[in-house]
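Here is the structure we will look at, set down as structure tokens.
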Amino acid sequence: MPPSLPEIRLGRKGEERVRSGHLWVFGDDLREVPAGIPPGEWVLARSRSGDLLGTGTLNLSSRISLRIVSRGAVSPTESFVSERIGEALRRRNEAGMGGLSALRLLYSEGDFLPGVIADRYGGVLVVQILTAGMERVREQIVSALVAACSPRLIFERSEGGGRRQEGLSERRGPLYGEGDTAEEVEIDGCRFRVDVETGPKTGFFLDQRENRRIVREMAGGRTVLDGFCSTGAFGILALAGGARNVLAVDASEPAVRAAGENAARNGFGGRWEGRAGDLFREMRAMLEAGRRFGLVVLDPPSFAKSREGREGALRGYRDINRL
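Numbering (numbering that gives the first Met the number 0), first residue to last: 0 to 322.
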């Protein structure tokens, strides 16, 4: 057992959560915490009676005060991080995903590395480190990824509200290697140019893979509106599925331009129309003009950044779906 880790005790609710499989413990569910533990410290979590519940990272400044890393006692060493990453890669290989050129390699709590996301686009990896506990092992994470994946470039995009809630500043830039931040990859049989520095999130919306496949299956013979098109992936998969044509709309002119380039890259330029503008206005204008579509795909950004924006967000979602 690691002798150097501080020990904390959980209250009844916190203990019940961890025993039932939850990996988060909130501040109110902690019982005994030694004074002076800095944010992100790795600790041993014990029950009220002293039973070991696991190892976690502690940050009393965050609403999620304890994040479980292991059900046993472990230390934040390079060998531990390397083993965790190796286990994650093996799971993906066993699922038949190891050969994909675009793939989420690490997914936070799902791989027992809370706050760490790593995506692969060909020879480029993108890493997000979003919690104080994982910030403490950033060098070990990078070293393990280099050893396991042999990338030409690792680029960091540790940004957003999650890091701020953890008391961390945002970080963006290369962590390993050098060269172009863009890579051309194949996703569901189509080619996309992904720029990990300027693209959305880590460069692409990998989490929409299943939804894009559904759109592809539904699109045959239809005219398609790809709203909030971003990289154009929904529209391009629709065309690959036999859609007659696609109108792609996004507020970002660079996004519309990049989406059009992706469409042309797949030989769909003649059936692709890109338009930069406000989708609400565009849809109202098309409604008045009598333009209709056989399939409409809406993948809007978050309309609410906090609870205070809830009502406005609900109005936005109602309006866009009503149109």
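Where a beta carbon is used, it is the ideal one built from N, C-alpha and C, also for glycine.
Between the CA atoms of residue j and residue i - distance to the nearest angstrom
i: I235; j: E287; result: 27 Å
i: E82; j: L144; result: 11 Å
i: P199; j: G49; result: 45 Å
i: G178; j: V123; result: 10 Å
i: R243; j: Y106; result: 36 Å
i: F334; j: A232; result: One cannot answer for residue 334 here, as it falls past the ends of the chain, which runs 0 to 322.
i: E165; j: A250; result: 31 Å
i: C215; j: L29; result: Note that residue 215 is Arg in the sequence shown, not Cys. Their Cα atoms are separated by approximately 48 Å.
i: A258; j: D277; result: 16 Å
i: E40; j: G55; result: 8 Å
i: R274; j: L205; result: 23 Å
i: S19; j: G159; result: 30 Å
i: S3; j: P37; result: 14 Å
i: H21; j: E15; result: 9 Å
i: W271; j: R264; result: 12 Å
i: S60; j: R135; result: 16 Å
i: G95; j: E31; result: 45 Å
i: A262; j: T230; result: 9 Å
Integer Cβ distance of residue i from residue j, believed to fall under 8 Å
i: G85; j: P113; result: That pair is no contact at about 18 Å.
i: L294; j: V223; result: 5 Å
i: V42; j: I7; result: 5 Å
i: G188; j: G219; result: Between G219 and G188 the Cβ distance is about 15 Å, and since that is not below 8 Å, they are no contact.
i: L167; j: G226; result: Between G226 and L167 the Cβ distance is about 34 Å, and since that is not below 8 Å, they are no contact.
i: L174; j: V141; result: 5 Å
Residues of its chain near residue i, where Cβ-Cβ distance is below 7 Å and the 5 sequence neighbours each way are ignored
i: G176; result: P150, R151, L152, I153
i: D194; result: T180, A181, G202
i: R221; result: A242, R243, G293, L294
i: R211; result: D187, A232, F233, L236
Sequence-distant residues of the same chain with beta carbon closer than 8 Å to residue i, five excluded per side
i: A34; result: none
i: R71; result: Just to set this straight, residue 71 is Gly in the shown sequence, not Arg. Closer than 8 Å at the Cβ level, and outside the excluded window around G71, lie L51, G53, T54.
i: R208; result: I186, D187
For residue i, the residue or residues it bridges with in DSSP
i: L51; result: R45
i: R66; result: W23, T56
i: V223; result: V245, L294
i: G276; result: Beta-bridge pairing links G276 to no other residue.
i: R8; result: E31, R45
i: E323; result: Any answer about residue 323 is impossible in this case: the structure gives the chain only from 0 up to 322.
i: E40; result: L57
Cutoff 6 Å; reference residue i; Cβ partners in own chain excluding five residues on either side
i: Q139; result: E77, V80
i: G161; result: L129
i: L104; result: A117, R119
i: A254; result: S229
Whole alpha helix (DSSP H) elements within the stretch 90–138, 4-residue minimum: 131–134
Output the residue ranges of the alpha helix (DSSP H) runs that lie fully inside the stretch 146–204 and measure 4 residues or longer, sorted by chain position. 160–164
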